[in-house]
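Engineer: Residue numbers (the numbering used here), protein chains in the order written: chain A, 1216 to 1385; chain B, 29 to 819.
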C-alpha cells in the first residue's frame, strides 16, 4: 500500500501527515488528527454526519480520500467558533433546540453553512432541500430549519437578532 | 408597587430552559465511543455469514494472521474453549456470540479480527476463509410452524422441539367468544389482518465499544453504546465470571438509541475477550450495514384483530391473534412476566368490556432482536392495531372516525380505569385531547373540503389516532431486565457552597437529562439549574439503575430525583430550625429558602443551610447534605394523545403527501416544554418513517433487502412535514411531580394516523386497509385496480 505525504489547511492551520492511499479523509481527521467532531454514521455517503467544507463546498468526508485533500482548505465543526465567539449557526442550534443526541449536529451545521454561503436568504423549502443529504433521527428537522433561519438572519443583519435568553452552557 | 417574599426565579418545572449539554455538542466536543482513543488500542472487525442458514464446515484463519497488522483472530471454537461461545439474551434464550458449527441468519458473527488499525482489521476479516454448507432457509414465520419445517435451533431441541418459542395468551377467552357470538347475531363484527413490518431504530451513531483490561488492577473498563449500563455490567459479570466490582461500564455520549442500544451484542463480548487475550484496549465499531442487519430489529408482528360491537358501533369485545417473528434467537427485550411485552394494552383508549389476546412467537432465519423502536415493549403494535380497527368499525357502521372514538372513549370519571386485559390506567381525558385536535385543525371544514375534492376526483384523506401509551416500567414486582427489578435511582450531593452534583441511574441518548433533571432539582430546592450538574452513564459513580428506554427516565428516574431532592429539603429544614432556633414546624418553605412563619425576614437560604451542614451542623444530625433514592413506581404511567393527519394522494404516482399533521399530546406535568416539543417532533418523524418508508425486508433466501441507507429509507427534511403540536395536561396521580414521559408517544401514535388518512382517502372505493409502509407502489397498484390511476 503506497504512502503519501499530504499538506492540508484545516480550520486555518496547516497539518501534514503520511497517509495510505486508501485512507478516507474522515478517518484521517478523526483518528489521525483527533478532530473527532466530524462523525461517521453510514458507509454510503447517505447520512451526512461527516460533512465538512472543502474549499468552501460541503463534502461528505467519508466519500473522499485523505490524499485528495492535499493542498486544499478544510473547515470542520471545530473551526466554526472564532475567538471564543460562537458562529451564528452554533448559536441558532442552541437557541432553537435543533439538537438532541448531537451526533448529526456537526455535519448538519456544516451542510447549513455551505447552503448559506450560496444562498444567504433561503426559503424553508430551500433549507429543507439544502440539508436533505443529512439525516437526523432525533429532531424531526423542524427546529433545525428554525436554527438555520436564525443563523441566516443573523449573518445578513448581525445586530437584528437578540442573543438567546437564558440557558445553560453559554 | 407591591413586594413579595418570592424567592429567586429558578427555571424549574414548565420552563423552556436551554439545554446545558448543547455547549459541547455544537462545538464538536462530544465524547462518543468512537471518539475514544487509548494508547496501544487495537481495532476490531467481524467476519459475518453471507448465508441465512448454513453449516460451518471449517474456518481457516491462517491467511488472516499473516495480514500485516493483524494481531489476533478469535473464532467460535476459541470462545467455546473458554465457555463463552453462548450468551444469555434478554428473553432467557441463549445466543451464539460467534457461530461454532452453524449460522442462522445473514450477517451472523463468525470470527473476530483485531489489528493495529481499522484498515488492517478489515483486511484480516477479508482473509478469513470459511467453508459453508448452505441449508434450507425459513423466512416466513407461518412456514416456520409447518410440521416439515427445518428445525432452526437444534441446540435447544430438548426444551423446544419445534420452531415455536412460546404461546402466550391473556384475557377471558370464554367471555370474549360469547361477546362475539352475541355480536354476530345482533351487532357487528369487523376483522382485519395487518402486518407491522420488521424495522430498525437506526440511530445515526451505530453500536460499538472500547474494552480495556488493566491486568495490574484486575479491572475491566468498557465504554459502550449502552442504554442500560448497570444492567450490562451485571450481565458481563454473570457471563464472564469477572467480579462485578472489577467491571466498569461507561456509557459516554450516545448518538441516539431508540431501543437499539438496550441489548448486549456479540461485538461487545468479543471486544472484551480480545482485550483480555491481547492485554491491549480493543475498539469495535459497527458499520451501518452491520447495524441494520445484525442488531436489534423491532416489530415484525403479523396481527389478526377482531372487534365485536353493537349496531351503533359501541365496542363490546376485542380479540387478537398475533404471530411474532423473533428471528434466529429470542432476544426480545421484554420483562420476564410478559413475553409479548405490553402488547395487551391493545384495548387502547376504548372501554372494551371483554378482550382476549394470543401470541405465538417463532424462530426464522433472520437476525435476533425484538427490541422496542422508540416505544415501550410492543405498545406501538398494540396502538396501531386498535386505531386501525376503530376506523374499520367506523366504516362498518357508517360513522365518522372521530364520532366512533368519542362514542367509545373511556370517560374521564372512570379513572383509575381497569382495562379488560388487566391494566390500571392512572389518568386520562381522551375526549378533551381529541376535541382540541379537531378544533385546532378545523376537522369539520376538512371533511367538507374532502367531499368537494372527492366530487372532483381528487384524493384527500383525514386520519385520526387517539392512542394511549403505557410507559415507565416498573413496578419492580412486575418488570425486570434479566431478573433485575425495574426501579431507578438518584443520588444528590449538595456541596458546602450550595452547588449540586446529581447522579442518576438512567442514561441519556439525547433526551436532555442534564437539563431536565437539573430542573427537577432546581424546582425542589429553589436553585438555578445552572447550579446543578447531572452525571449519568458511569457505573462506578452513578447509583444502580435500569437505564433509559420505554419512556421510563422521567416516570421512574425523574421520580427518584424529586424524592431525593425532597430528602435534601427535609434535612435542610432540620438544619434551618437549628440555625434559626425555632421548631421545624415553625418554618415555611419558599423556593430556595426556609423562613420563620410570621417573620419572613428571618430565614436561611438553601445555600446558607448547605454551608452550615458542613461547618455548623446540629450535633444530633450527621454532617453533610446528601441524599439517595431508589424509586420503585407504584404503577406505570399512561400518556395519551390525539393526532390528526391530512394527506393528498397523487393519482399519477401513488405518492402520499402529508399536508398537515397535528399532534395533541398529554404527558402529564411538563418539565421543559421546549424539550418535550423537540421529543414530539423527533418521535413523529420516527412514526412517519415506518408508515411510509422504513422496512427491513428479506428475500426468500434470507438476504436482507434494507442493509444500508440507500435501501432502508430514513425520512429527510424533504419528506418530513412541518409538525404542529399542542397539548393537554392530565397529571399522573401517583408520580411525585405528575409527569408521565413523552419521548415515545409520537412514535407510537403517528403511524396509524397516517395509515388511517391514506385509507380514508380511498375508503369510498372500498379500501379498508393497506399494510405499512404505504409506498407509492402499493398505492398506485390500488389506484390502478380501482380505475383511479391517471398514469
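Every residue gets a Cβ at the ideal spot worked out from N, C-alpha and C, and that includes glycine. Small disclaimer: the values here were computed from a predicted structure and weren't measured.
Taking only runs of the beta strand (DSSP E) that begin and end inside the region 211-274 of chain B, which ones reach a length of at least 3 residues, in chain order?
Structural biologist: 216-227, 236-242, 247-252
Engineer: Mapping DSSP to helix, strand and coil, what is residue 140/B?
Structural biologist: strand
Engineer: Determine the chain B residues that contact residue 1261/A at a beta-carbon separation under 9 Å, and present them in chain order.
Structural biologist: 316, 736, 737, 738, 742
Engineer: Taking the alpha carbon of residue 500/B as the reference point, which residue from 486/B, 580/B, 602/B has its own alpha carbon closest?
Structural biologist: 580/B
Engineer: Can you give me the Cβ contacts of residue 520/B inside the same chain, cut-off strictly under 7 Å, excluding the 5 residues immediately before and after it?
Structural biologist: 528, 530, 549, 592, 593, 596, 654, 655
Engineer: Helix, strand or coil, according to DSSP, for residue 1346/A in the structure here?
Structural biologist: coil
Engineer: Just the Cα atoms here: how many angstroms apart are residue 82/B and residue 368/B?
Structural biologist: 29 Å
Engineer: Check residue 298/B in the structure and name its three-state DSSP category.
Structural biologist: helix
Engineer: For residue 218/B, which residues of its own chain have a beta-carbon under 6 Å away from its beta-carbon, when the five flanking residues on both sides are left out?
Structural biologist: 335, 420, 421, 424
Engineer: Counting only beta-carbon separations shorter than 8 Å, does residue 564/B have a partner in chain A?
Structural biologist: Not closer than 8 Å to any Cβ of chain A, the Cβ of residue 564/B fails to qualify, so no.
Engineer: Just to confirm, is the Cβ distance from residue 332/B to residue 199/B under 8 Å?
Structural biologist: For residue 332/B and residue 199/B, no; Cβs fall outside 8 Å.
Engineer: With H, G and I counted as helix, E and B as strand and the rest as coil, what does DSSP make of residue 1352/A?
Structural biologist: coil
Engineer: Which ranges would you report for the alpha helix (DSSP H) in the region 746-795 of chain B if only whole runs of at least 4 residues count?
Structural biologist: Here the runs fully enclosed are 773-790.
Engineer: So what does DSSP say about residue 513/B, is it helix, strand or coil?
Structural biologist: strand
Engineer: With 9 Å as the limit, tell me which residues of the region 42-57 of chain B have their beta carbon closer than that to any beta carbon of chain A; keep them in chain order.
Structural biologist: 43, 44, 45, 46, 47, 48, 49, 50, 51, 52, 53, 54, 55, 56, 57
Engineer: Beta-carbon separation of residue 325/B and residue 410/B under 8 Å?
Structural biologist: no
Engineer: If you count every other CB in all the chains shown that lies within 10 Å of the CB of residue 838/B, and 16 or more means buried, which is it?
Structural biologist: Nothing can be reported for residue 838/B: it is not among the residues displayed for chain B, which extend from 29 to 819.
Engineer: For residue 648/B, is the classification buried or exposed, using 16 other Cβ atoms within 10 angstroms of its Cβ as the cut-off for buried?
Structural biologist: That one is exposed.
Engineer: Ignore the nearest five residues each way along the sequence and tell me which others in residue 1260/A's own chain have a CB closer than 7 Å to its CB.
Structural biologist: 1275, 1277, 1278
Engineer: Report yes or no: do three or more beta-carbon pairs, one from the region 273-290 of chain B and one from the region 88-108 of chain B, lie closer than 8 Å?
Structural biologist: The region 273-290 of chain B makes no contact with the region 88-108 of chain B: fewer than 3 CB pairs, one atom from each, lie closer than 8 Å.
Engineer: Say whether chain A places a C-beta atom closer than 8 Å to the C-beta of residue 399/B.
Structural biologist: no
Engineer: Within the continuous beta strand (DSSP E) that includes residue 325/B, where are the two ends?
Structural biologist: 325-337
Engineer: Please report whether the beta-carbon of residue 755/B lies at a distance below 8 Å from any beta-carbon of chain A.
Structural biologist: no
Engineer: Nearest CA to the CA of residue 846/B: which residue from 616/B, 677/B, 633/B, 299/B?
Structural biologist: The first residue shown for chain B is 29 and the last is 819, placing residue 846/B beyond what the model contains.
Engineer: With DSSP as the reference, please indicate the residues paired to residue 805/B in a beta bridge.
Structural biologist: According to DSSP, which records beta bridges pairwise, residue 805/B is partnered with nothing at all.
Engineer: Could you work out which residues of chain A lie near residue 13/B, taking near to mean beta carbons separated by less than 7 Å?
Structural biologist: In this structure chain B extends from 29 to 819, so residue 13/B is not present and cannot be described.
Engineer: Tell me which same chain residues have a C-beta within less than 6 Å of the C-beta of residue 159/B, skipping the five on either side of it?
Structural biologist: 85, 86
Engineer: Compare the C-beta of residue 1292/A with all C-beta atoms of chain B and state if any pair is closer than 8 Å.
Structural biologist: yes
Engineer: Taking Cβ-Cβ distances below 8 Å as the criterion, which residues of the region 1340-1364 of chain A are in contact with chain B?
Structural biologist: 1342, 1343, 1344, 1346, 1347, 1348, 1349, 1350, 1351, 1352, 1353, 1354, 1355, 1356, 1357, 1358, 1359, 1360
Engineer: Quick check: what's the CA-CA separation for residue 470/B versus residue 1336/A?
Structural biologist: Straight-line Cα distance between these residues: approximately 33 Å.
Engineer: Looking at the unbroken beta strand (DSSP E) that takes in residue 44/B, where does it start and where does it end?
Structural biologist: Looking at the DSSP string, residue 44/B is not in any beta strand (DSSP E), and its letter there is neither H nor E.
Engineer: Would you mind sorting residue 319/B into buried or exposed? The rule is 16 or more other CB atoms within 10 Å of its CB.
Structural biologist: It is buried - the Cβ of residue 319/B has at least 16 other Cβ atoms within 10 Å.
Engineer: Just how far apart, CA to CA, sit residue 68/B and residue 241/B?
Structural biologist: Taking the straight line from one Cα to the other gives about 12 Å.
Engineer: From the DSSP output, in three-state form, read off residue 351/B for me.
Structural biologist: strand
Engineer: Using the beta-carbon of each residue, which ones in chain A are nearer than 7 Å to residue 750/B?
Structural biologist: For residue 750/B, the neighbours in chain A by C-beta distance under 7 Å run, in chain order, 1357.
Engineer: Please check if any C-beta of chain A sits within less than 8 Å of the C-beta of residue 62/B.
Structural biologist: Put simply, the CB of residue 62/B is near chain A, with a gap under 8 Å to one of its CB atoms.
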